[in-house]
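Engineer:
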Amino acid sequence: MPARAYWTGQLRLALVSIPVEIYSATRNTAGIALNQIHKPSGKRIKLEKTVPGIGEVDAADIVKGYEVEKDEYVLLSDAELDEVKLESRQTFELVQFVDASEIDAIYFEKPYYVVPKDALAEEAFGVIRDALRAAKKVGLGQLAMRGHEYLCSLKPCGRGMVMETLRYADEVNKAQ
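This is how it looks when you write it as C-alpha coordinates:
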(Lines of atoms letter the chains of each structure in order from A; the text may use other names.)
(Lines give C-alpha, C1' and ligand atoms only; values in the text may rest on other atoms or scores of the structure.)
Protein backbone atom coordinates (compact mmCIF):
# COMPACT_ATOMS: atom_id res chain seq x y z
CA MET A 590 0.00 0.00 0.00
CA PRO A 591 1.21 3.56 -0.62
CA ALA A 592 2.74 5.31 2.36
CA ARG A 593 0.17 8.12 2.38
CA ALA A 594 -3.60 7.88 2.47
CA TYR A 595 -5.38 9.30 -0.58
CA TRP A 596 -8.31 10.36 1.65
CA THR A 597 -8.98 10.32 5.38
CA GLY A 598 -12.42 10.69 6.92
CA GLN A 599 -15.44 8.90 8.33
CA LEU A 600 -17.28 5.89 6.96
CA ARG A 601 -20.84 6.46 8.14
CA LEU A 602 -23.76 4.08 8.34
CA ALA A 603 -26.81 5.63 10.04
CA LEU A 604 -25.57 6.86 13.43
CA VAL A 605 -22.28 4.93 13.34
CA SER A 606 -19.14 6.75 12.14
CA ILE A 607 -15.86 4.92 11.73
CA PRO A 608 -12.57 6.74 11.07
CA VAL A 609 -11.04 5.29 7.89
CA GLU A 610 -8.28 5.89 5.40
CA ILE A 611 -8.49 5.25 1.68
CA TYR A 612 -5.49 4.14 -0.37
CA SER A 613 -5.24 3.71 -4.12
CA ALA A 614 -5.45 0.01 -4.98
CA THR A 615 -3.74 0.38 -8.36
CA ARG A 616 -0.86 2.26 -9.91
CA ASN A 617 -0.31 3.25 -13.48
CA THR A 618 2.91 1.72 -14.75
CA ALA A 619 1.70 0.95 -18.26
CA GLY A 620 4.02 3.34 -20.03
CA ILE A 621 7.13 5.40 -19.66
CA ALA A 622 7.08 9.18 -19.78
CA LEU A 623 9.09 10.60 -22.65
CA ASN A 624 10.08 14.23 -23.07
CA GLN A 625 10.80 16.17 -26.22
CA ILE A 626 14.49 17.07 -26.39
CA HIS A 627 16.32 19.58 -28.61
CA LYS A 628 18.78 17.21 -30.31
CA PRO A 629 21.74 19.62 -30.81
CA SER A 630 21.73 20.93 -27.19
CA GLY A 631 20.25 17.93 -25.38
CA LYS A 632 17.92 20.27 -23.45
CA ARG A 633 14.25 19.67 -22.79
CA ILE A 634 11.74 21.59 -24.90
CA LYS A 635 9.43 23.76 -22.79
CA LEU A 636 5.81 24.61 -23.51
CA GLU A 637 5.44 28.31 -24.22
CA LYS A 638 2.02 29.81 -23.50
CA THR A 639 1.10 31.89 -26.53
CA VAL A 640 -1.93 33.51 -28.14
CA PRO A 641 -2.18 33.40 -31.96
CA GLY A 642 -1.40 36.84 -33.36
CA ILE A 643 -0.17 38.13 -29.99
CA GLY A 644 2.67 35.83 -28.99
CA GLU A 645 3.89 34.78 -25.55
CA VAL A 646 1.73 35.78 -22.55
CA ASP A 647 2.50 36.33 -18.87
CA ALA A 648 1.08 33.92 -16.30
CA ALA A 649 -0.74 36.86 -14.67
CA ASP A 650 -2.76 37.34 -17.88
CA ILE A 651 -4.05 33.76 -17.95
CA VAL A 652 -7.54 33.04 -16.59
CA LYS A 653 -9.85 30.04 -16.77
CA GLY A 654 -12.80 29.93 -19.13
CA TYR A 655 -15.54 27.60 -20.30
CA GLU A 656 -16.10 27.28 -24.05
CA VAL A 657 -19.81 27.87 -24.85
CA GLU A 658 -19.34 27.99 -28.64
CA LYS A 659 -16.35 27.69 -30.94
CA ASP A 660 -13.85 30.38 -29.82
CA GLU A 661 -16.40 31.93 -27.43
CA TYR A 662 -15.72 31.64 -23.69
CA VAL A 663 -17.26 32.57 -20.37
CA LEU A 664 -14.38 33.73 -18.17
CA LEU A 665 -14.30 32.60 -14.54
CA SER A 666 -12.38 34.23 -11.72
CA ASP A 667 -10.65 32.23 -8.98
CA ALA A 668 -13.27 33.56 -6.52
CA GLU A 669 -16.12 32.27 -8.72
CA LEU A 670 -14.44 28.88 -9.01
CA ASP A 671 -13.99 28.75 -5.22
CA GLU A 672 -17.73 29.42 -4.76
CA VAL A 673 -18.72 26.34 -6.74
CA LYS A 674 -15.91 24.08 -5.53
CA LEU A 675 -17.17 21.01 -3.75
CA GLU A 676 -16.42 21.06 -0.08
CA SER A 677 -15.06 17.76 1.15
CA ARG A 678 -17.31 16.66 3.99
CA GLN A 679 -14.76 14.05 5.00
CA THR A 680 -17.62 11.56 5.17
CA PHE A 681 -18.40 8.57 3.00
CA GLU A 682 -21.99 7.85 3.95
CA LEU A 683 -23.50 4.53 2.94
CA VAL A 684 -27.07 5.28 1.86
CA GLN A 685 -28.14 2.19 -0.09
CA PHE A 686 -27.30 -1.50 -0.37
CA VAL A 687 -27.67 -3.64 -3.49
CA ASP A 688 -26.70 -7.11 -4.66
CA ALA A 689 -23.23 -7.01 -6.20
CA SER A 690 -24.65 -8.45 -9.44
CA GLU A 691 -26.91 -5.38 -9.87
CA ILE A 692 -23.96 -3.16 -10.85
CA ASP A 693 -22.69 -3.85 -14.37
CA ALA A 694 -18.90 -3.99 -14.62
CA ILE A 695 -18.88 -1.10 -17.11
CA TYR A 696 -19.80 1.30 -14.28
CA PHE A 697 -16.74 0.50 -12.14
CA GLU A 698 -13.96 3.04 -12.53
CA LYS A 699 -11.13 3.03 -9.95
CA PRO A 700 -10.58 0.82 -6.88
CA TYR A 701 -9.32 1.95 -3.48
CA TYR A 702 -8.53 0.01 -0.31
CA VAL A 703 -10.47 1.18 2.74
CA VAL A 704 -8.88 0.49 6.12
CA PRO A 705 -9.73 1.49 9.70
CA LYS A 706 -7.71 4.52 10.77
CA ASP A 707 -6.78 3.12 14.17
CA ALA A 708 -7.18 0.13 16.47
CA LEU A 709 -10.35 1.58 18.03
CA ALA A 710 -12.07 1.62 14.63
CA GLU A 711 -11.20 -1.98 13.75
CA GLU A 712 -14.10 -3.66 15.53
CA ALA A 713 -16.86 -1.48 14.05
CA PHE A 714 -15.16 -1.66 10.63
CA GLY A 715 -15.13 -5.47 10.87
CA VAL A 716 -18.82 -5.58 11.81
CA ILE A 717 -19.80 -3.62 8.68
CA ARG A 718 -17.46 -5.67 6.48
CA ASP A 719 -18.79 -8.97 7.82
CA ALA A 720 -22.43 -7.84 7.51
CA LEU A 721 -21.88 -6.88 3.85
CA ARG A 722 -20.22 -10.23 3.21
CA ALA A 723 -22.96 -12.26 4.95
CA ALA A 724 -25.74 -10.39 3.11
CA LYS A 725 -23.84 -10.53 -0.22
CA LYS A 726 -24.46 -6.81 -0.59
CA VAL A 727 -22.51 -3.79 -1.78
CA GLY A 728 -22.89 -0.43 -0.06
CA LEU A 729 -23.43 2.71 -2.16
CA GLY A 730 -22.77 6.31 -1.26
CA GLN A 731 -21.23 9.59 -2.39
CA LEU A 732 -17.84 10.92 -1.48
CA ALA A 733 -16.13 14.23 -2.20
CA MET A 734 -12.39 13.81 -2.82
CA ARG A 735 -10.00 16.46 -4.10
CA GLY A 736 -12.71 18.76 -5.43
CA HIS A 737 -14.78 16.09 -7.18
CA GLU A 738 -17.86 14.23 -6.02
CA TYR A 739 -17.98 10.52 -6.73
CA LEU A 740 -20.62 7.83 -6.57
CA CYS A 741 -18.90 4.89 -4.85
CA SER A 742 -19.48 1.28 -3.98
CA LEU A 743 -18.07 -0.48 -0.93
CA LYS A 744 -17.60 -4.23 -0.71
CA PRO A 745 -15.71 -6.66 1.52
CA CYS A 746 -12.34 -7.88 0.31
CA GLY A 747 -10.41 -10.32 2.47
CA ARG A 748 -9.84 -8.72 5.89
CA GLY A 749 -10.55 -5.25 4.50
CA MET A 750 -12.89 -3.50 2.09
CA VAL A 751 -12.62 -2.08 -1.39
CA MET A 752 -14.30 1.14 -2.47
CA GLU A 753 -14.72 1.70 -6.18
CA THR A 754 -15.65 4.94 -7.84
CA LEU A 755 -18.54 4.43 -10.24
CA ARG A 756 -19.46 6.07 -13.50
CA TYR A 757 -22.88 7.73 -13.72
CA ALA A 758 -25.26 6.34 -16.37
CA ASP A 759 -24.79 9.39 -18.62
CA GLU A 760 -21.03 8.73 -18.72
CA VAL A 761 -21.47 5.29 -20.29
CA ASN A 762 -21.94 5.02 -24.05
CA LYS A 763 -24.74 2.77 -25.25
CA ALA A 764 -23.63 -0.47 -26.93
CA GLN A 765 -24.02 -0.39 -30.70
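In the working numbering, the protein residues as written are 590 to 765.
Backbone N, C-alpha and C define an ideal beta-carbon position, used for all residues, glycine too.
1) Helix, strand or coil, according to DSSP, for alanine 733 in the structure here?
2) Straight-line CA distance for methionine 752 to leucine 665?
3) If I measure Cβ to Cβ from glutamine 685 and keep anything under 6 angstroms in the same chain, skipping five residues before and after, which residues do I get?
4) Going along the chain, which residues of its own chain have a beta-carbon closer than 6 angstroms to the beta-carbon of threonine 597, five neighbours each way excluded?
5) In chain order, which alpha helix (DSSP H) runs of at least 4 residues are fully inside the region 608-674?
6) Going by the beta-carbon positions, is the gap between isoleucine 607 and alanine 710 smaller than 9 angstroms?
7) Less than 8 angstroms between the CB atoms is what I'm expecting for leucine 743 and valine 727, so what's the real figure, rounded?
8) Just the Cα atoms here: how many angstroms apart are proline 745 and alanine 758?
9) Could you check where the beta strand (DSSP E) with glutamate 698 kicks off and where it finishes?
10) To which residues does DSSP link valine 727 through a beta bridge?
11) For the pair the region 688-702 and the region 614-622, tell me if three or more CB-CB distances fall below 8 angstroms.
12) Based on DSSP bridge pairs, tell me the residues matched to leucine 602.
13) For glutamine 731 versus glutamate 682, is the C-beta distance shorter than 9 angstroms?
14) Quick one: using the 10 Å Cβ neighbour count with 16 as the cut-off for buried, is isoleucine 717 buried or exposed?
15) If you drop the 5 nearest sequence neighbours on each side, which residues of the same chain put their C-beta closer than 8 angstroms to that of valine 657?
Structural biologist: With the given structure in hand:
1) As a first step, residue 733 must be located in the sequence shown, where it is residue number 144. In the structure shown, alanine 733 sits in a strand (DSSP, three-state: E or B).
2) Position 163 of the sequence shown, counting from 1, holds the residue named residue 752. Position 76 of the sequence shown, counting from 1, holds the residue named residue 665. Cα to Cα, the separation comes out at about 34 angstroms.
3) In the sequence shown, residue 685 corresponds to position 96, counting from 1. Annotation for glutamine 685: Leu729 place their beta carbon closer than 6 angstroms to its own, counting only its chain and skipping 5 residues before and after.
4) Reading the sequence shown from its first residue, position 8 is the one you call residue 597. Within the same chain, threonine 597 has close Cβ partners Glu610.
5) Runs of the alpha helix (DSSP H) inside the region 608-674: 667-673.
6) Position 18 of the sequence shown holds residue 607. Position 121 of the sequence shown holds residue 710. Yes. Within cutoff.
7) As a first step, residue 743 is located in the sequence shown; it is residue number 154 there, counting from the start. As a first step, residue 727 is located in the sequence shown; it is residue number 138 there, counting from the start. About 7 angstroms separates the Cβ atoms of leucine 743 and valine 727, confirming a contact at the 8 angstroms cut-off.
8) Residue numbering aside, residue 745 sits at position 156 when the sequence shown is read from its first letter. Residue numbering aside, residue 758 sits at position 169 when the sequence shown is read from its first letter. If I take the Cα positions, the gap works out to 24 angstroms.
9) To locate residue 698, count along the sequence shown from 1; it is residue 109. Boundaries of the beta strand (DSSP E) around glutamate 698: 697-705.
10) The sequence position of residue 727 within the sequence shown is 138, counting from 1. Looking at the DSSP assignment, valine 727 forms a beta bridge with Val687.
11) With the rule of 3 Cβ pairs closer than 8 angstroms, the region 688-702 counts as touching the region 614-622.
12) Position 13 of the sequence shown holds residue 602. In DSSP, leucine 602 forms a bridge with Val605.
13) Locating residue 731 in the sequence shown gives position 142, where the first residue counts as 1. Locating residue 682 in the sequence shown gives position 93, where the first residue counts as 1. Yes, the pair counts as a contact, with Cβ atoms nearer than the cut-off.
14) Mapped onto the sequence shown, residue 717 falls at position 128. Around the C-beta of isoleucine 717, 16 or more other C-beta atoms lie within 10 Å, and the residue is accordingly described as buried.
15) Here residue 657 refers to the residue found at position 68 of the sequence shown. Answer for valine 657: Val663, listed in chain order.
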